[in-house]
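Asker: Shown below is the structure under consideration.
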Amino acid sequence: MDKNEALAVLADVQRKLFAFNAASSSLYLDGVTVAPKDTSEGRGVAQGVLAGEQHKLMTDPALAEALAVLEGCRDELTLLQRRQAEELGRAVKQLTRIPAEEYMEYAMLTNEASDVWHRAKEASGFEMFRPCLEKLVAFNRKFAGYYDPDKAPYDALLDEYERGVDMAQLDGFFAALREKLVPLIRAIGEKPQPDDSFLHRHYPAEAQRRFSDYLMEVLDLDRTHCGIGETEHPFTLEFTNKDVRITTNYKEDDVSSSMYSVIHEGGHARYELDITDDVQYTCLAGGVSMGVHESQSRFYENIIGRSRPFVEAIFPKMKEFFPEQLGDVTAEQFWRAVNKVEPSLIRTEADELTYCLHVMVRYEIEKALISGTLEVKDVPETWNRLYKEYLGVDVPDDRRGCLQDSHWSGGSFGYFPSYALGSAYGAQMLRNMEKDMDVWGPVGRGDLSQVTAWLTEKVHKFGGLKTPAQIVENACGVFDPTAYTDYLTKKYTEIYGL
Ligand code: ZN
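Take the sequence shown: its position 460, counted from the start at 1, is 482 in the working numbering, and no numbers get skipped.
So this is what it looks like as structure tokens:
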């Protein structure tokens, strides 16, 4: 096989993988949006077949040969070709490094664990889930050795989710957060809270749907390329850079819930839509990593969406959608209400400031579990102690404590830190953006085009052409958590008059 033949094999495999992915995503999207309730069986069978075909493609000896040929003539490849070969080669290795019997056993375990976790959460009983979690931790410690025997186990797992990130970096990051944010949250606790009762008046879903259309316009999401649907948990799904879907969930007693979901998912969509045509139908299509993706969604949601200039820009229009509900409310009152800080129990409902402390609790526990310094049976006690220490809240039961998230039951260890890192990357991007241009003048007129142009140039357009670390370097420079703690300190000092 020569170079050109190898490139042809690579292109062919990637187009087929794209097609299988697109089919699988369509089935998923249908299942969570419009499919009737008792129709999942056939889709499950189809998904199984598609997964099998994908596996066959990835383990085809012709692909292995093509990758070896390309590895041999690496220096003659264009950047686009080289990155495809690297990423596909990595994916093939990932697929084959766990022995097949162990992989099967693990798949059965996660399947069972998901079910047991649901029941344990409902019953609020950690003991029910404990045996599963013990097995999951043991498997992941073992897998970490397959992934990279030279790394500490938790470092090997972290690298799976956000390549290049390790405990050395995260320890410094979370220490900075702990030092700056815990006292800030305490100080806010001494101050009177803004009135946010008007957010909870009755906001009919129909009016909220029209408001979502408007928000998508503000984000410049072209409706001929980006659809919006409704699901229990909002998400973004991309087929190509010309076909992206977001979803939201309307709560009639909380207008800010869907509003910020649409802006958050809209940020994910913005990223996908701005990726270059060059990488479409290859393994480099789509956002580069979960941390970088969250940096974009949270940038639009929090840094822009909860800023005073943005709220002031859209508020007059918002009053037209909700004249009765917001008739007696000012833009400033609204801005304060959507930035209310309230240490709470549930991560997914946390405000911008306390959010990363929820992630920090999970990081510390995961790190200790995988390193073997914490036993699974001691998770609830450790969880409750850390919530008290960082957030000042008492955890009343496991349902609202260590059983609240599904990640561990799915076998994900090392995934959580990306949520906090994404926020920190965003703050550092803002710092650099402010050096390059006037950010807040145009945002204050409801014009996000320059913000989006900056992010497209530094982050979006590359897709997987650069690695996550290269993207962060490109948009942030050397990672510096003080950009994030400074941003939060400045913002909340103003809001709470500290
Ligand atoms: Zn997100």
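All C-beta atoms in this analysis are idealised placements derived from N, C-alpha and C, irrespective of residue type, glycine included.
Take Val351 and list the residues in its own chain whose beta-carbon comes closer than 6 Å to its own, dropping the five residues that flank it on each side.
Answerer: Stepping through the sequence shown from its first residue, residue 351 is reached at position 329. Only Phe220 meet the Cβ criterion.
Asker: Note down the Cα distance separating Lys399 from Gln355, rounded to an integer number of angstroms.
Answerer: Reading the sequence shown from its first residue, position 377 is the one you call residue 399. Reading the sequence shown from its first residue, position 333 is the one you call residue 355. Each residue's Cα considered, the two are about 46 Å apart.
Asker: Could you compute how far the alpha carbon of Ser46 sits from the alpha carbon of Arg96?
Answerer: Locating residue 46 in the sequence shown gives position 24, where the first residue counts as 1. Locating residue 96 in the sequence shown gives position 74, where the first residue counts as 1. Roughly 33 Å separates the two Cα atoms.
Asker: Indicate the three-state DSSP secondary structure (helix, strand or coil) for Cys498 in the structure shown.
Answerer: The residue you call residue 498 lines up with position 476 of the sequence shown. Reduced to three states, the DSSP call for Cys498 is helix.
Asker: Of the choices Gln230, Glu87, Asn43, whose alpha-carbon is the least far from that of Lys339?
Answerer: For the purposes of this step, residue 339 is taken as residue 317 along the sequence shown, with counting starting at 1. Taking only the C-alpha atoms, the option nearest Lys339 is Gln230.
Asker: Straight-line CA distance for Gly466 to Tyr506?
Answerer: In the sequence shown, counting from the first residue as 1, residue 466 sits at position 444. In the sequence shown, counting from the first residue as 1, residue 506 sits at position 484. One C-alpha to the other measures close to 22 Å.
Asker: I'd like the list of long-range same chain contacts for Phe337, defined as Cβ closer than 7 Å, with 5 residues on each side in sequence excluded.
Answerer: Residue numbering aside, residue 337 sits at position 315 when the sequence shown is read from its first letter. Answer for Phe337: Ala353, Phe356, listed in chain order.
Asker: At a cut of 8 Å, does the region 138–149 reach the region 417–437 through at least three beta carbon pairs?
Answerer: These segments touch.
Asker: Among the residues of its own chain, which have a CB less than 7 Å from the CB of Leu396, if the five just before and after it don't count?
Answerer: Translated into the one-based positions of the sequence shown, residue 396 becomes position 374. Excluding positions up to five away in sequence, the list reads Ile387, Ala390, Thr404.
Asker: Starting from Phe220, follow the alpha helix (DSSP H) in both directions and report where the run begins and ends.
Answerer: Sequence index remark: in the sequence shown, residue 220 carries index 198 (1-based). Looking at the DSSP string, Phe220 is not in any alpha helix (DSSP H), and its letter there is neither H nor E.
Asker: What's the C-alpha gap between Ser366 and Phe438?
Answerer: Walking along the sequence shown from the start, residue 366 turns up at place 344. Walking along the sequence shown from the start, residue 438 turns up at place 416. Cα to Cα, the separation comes out at about 18 Å.
Asker: Please name the residue, chosen from Tyr183, Ser234, Met382, that lies closest to Val310 on a Cα-to-Cα basis.
Answerer: The residue given as residue 310 occupies position 288 in the sequence shown. Val310 has its Cα closest to that of Tyr183, out of Tyr183, Ser234, Met382.
Asker: Mind checking Val277: buried by the 16 CB within 10 Å criterion, or exposed?
Answerer: As a position in the sequence shown, residue 277 is number 255, starting the count at 1. Val277 should be labelled buried.
Asker: If we define contact as Cβ-Cβ less than 9 Å, is Tyr176 a contact residue for chain D?
Answerer: The structure shown has no chain D; it contains just one protein chain.
Asker: Applying the 10 Å Cβ sphere with the 16-neighbour rule, what's the burial state of Ala197?
Answerer: Start at 1 with the first residue of the sequence shown, and residue 197 comes out as number 175. Counting Cβ neighbours within 10 Å, Ala197 comes out exposed, since fewer than 16 surround it.
Asker: Does at least one heavy atom of the ligand ZN sit under 8 Å from the Cβ of Thr258?
Answerer: The residue given as residue 258 occupies position 236 in the sequence shown. Yes, the ligand ZN has a heavy atom inside 8 Å of this Cβ.
Asker: Under 9 Å between the Cβ atoms of Ala291 and Glu323?
Answerer: Here residue 291 is taken as the residue at index 269 of the sequence shown, counted from 1. Here residue 323 is taken as the residue at index 301 of the sequence shown, counted from 1. Against a cut-off of 9 Å, the Cβ pair of Glu323 and Ala291 comes out as no contact.
Asker: Consult DSSP for Ile387 and reduce its assignment to one of helix, strand or coil.
Answerer: One-based indexing of the sequence shown puts residue 387 at position 365. Note: Ile387 maps to helix in three-state DSSP.
Asker: Beta carbon of Glu287: closer than 8 Å to some heavy atom of the ligand ZN?
Answerer: Residue 287 sits at position 265 when you count from the first residue of the sequence shown. Under cutoff, so the answer is yes.
Asker: Starting from Phe233, trace the beta strand (DSSP E) in both directions and tell me its first and last residue.
Answerer: Sequence index remark: in the sequence shown, residue 233 carries index 211 (1-based). It is not in any beta strand (DSSP E) - Phe233 instead sits in the alpha helix (DSSP H) that spans 227–240.
Asker: If you follow the alpha helix (DSSP H) that Cys154 is part of, which residue opens it and which one closes it?
Answerer: Within the sequence shown, residue 154 is the residue found at index 132, counting from 1. Where Cys154 is concerned, the enclosing alpha helix (DSSP H) stretches over 148–169.
Asker: Put Ile268 into one of helix, strand or coil per three-state DSSP.
Answerer: Taking the sequence shown and counting its residues from 1, the one referred to as residue 268 is at position 246. It is a strand residue.
Asker: With a threshold of 16 other CB atoms inside 10 Å of the CB of Met455, please say whether the residue is buried or exposed.
Answerer: Indexing the sequence shown from 1 puts residue 455 at position 433. Classification of Met455: buried, given that the 10 Å Cβ count is 16 or more.
Asker: CB-CB under 7 Å to Ser163, same chain, minus the five flanking residues each way: which ones, in chain order?
Answerer: Against the sequence shown, residue 163 aligns to sequence position 141. What sits at residue 163 in the sequence shown is Arg, not Ser. Result list for Arg163: Pro175, Ile392, in chain order.
Asker: Would you check if the region 205–220 and the region 245–253 touch, i.e. whether three or more CB-CB distances between them fall below 8 Å?
Answerer: Taking 8 Å as the limit for Cβ pairs, the verdict is that the region 205–220 does not touch the region 245–253.
Asker: Helix, strand or coil for Ile250? Go by DSSP, reduced to three states.
Answerer: If you number the sequence shown from 1, residue 250 lands on position 228. Residue state, collapsed to three classes: strand.
Asker: Quick check on the DSSP output: the beta strand (DSSP E) that includes Glu354 runs from which residue to which?
Answerer: Here residue 354 refers to the residue found at position 332 of the sequence shown. Unbroken run through Glu354 is the alpha helix (DSSP H), 353–359; no beta strand (DSSP E).
Asker: Over what stretch of residues does the beta strand (DSSP E) that includes Phe261 continue unbroken?
Answerer: Counting from one through the sequence shown, the residue named residue 261 turns up at place 239. Element bounds for Phe261: 258–262.
Asker: Hey, is His482 close to the ligand ZN, as in C-beta under 8 Å from one of its heavy atoms?
Answerer: Translated into the one-based positions of the sequence shown, residue 482 becomes position 460. His482: no, Cβ never under 8 Å from the ligand ZN.
Asker: Going by alpha carbons, who is nearest to Val71 out of Pro503, Leu49, Ala88?
Answerer: As a working mapping, residue 71 is identified with position 49 in the sequence shown. The residue with the shortest Cα to Cα distance from Val71 is Leu49.
Asker: Which residue wins for smallest C-alpha separation from Glu504, given the options Ala475, His482, Ala449?
Answerer: Walking along the sequence shown from the start, residue 504 turns up at place 482. According to the sequence as given, residue 504 is Thr; it is not Glu. Comparing Cα-Cα distances from Thr504 to each of Ala475, His482, Ala449, the minimum goes to Ala449.
Asker: Is Glu316 near the ligand ZN, judged by its Cβ being under 8 Å from some heavy atom?
Answerer: Here residue 316 refers to the residue found at position 294 of the sequence shown. Checking every heavy atom of the ligand ZN against the Cβ of Glu316, one is found closer than 8 Å.
Asker: How about Gly194 and Leu237: are their beta carbons less than 9 Å apart?
Answerer: Reading the sequence shown from its first residue, position 172 is the one you call residue 194. Reading the sequence shown from its first residue, position 215 is the one you call residue 237. Their beta carbons are not under 9 Å apart, which means Gly194 does not touch Leu237 by this criterion.
Asker: Less than 8 Å between the CB atoms is what I'm expecting for Arg112 and Thr489, so what's the real figure, rounded?
Answerer: Along the sequence shown, one-based indexing puts residue 112 at 90. Along the sequence shown, one-based indexing puts residue 489 at 467. Their Cβ separation, rounded to whole angstroms, is 10 Å, which puts Arg112 and Thr489 out of contact at 8 Å.
Asker: Closer than 8 Å: is that where the CB of Ser280 sits relative to any heavy atom of the ligand ZN?
Answerer: Locating residue 280 in the sequence shown gives position 258, counting from the first residue. The answer is no for Ser280.
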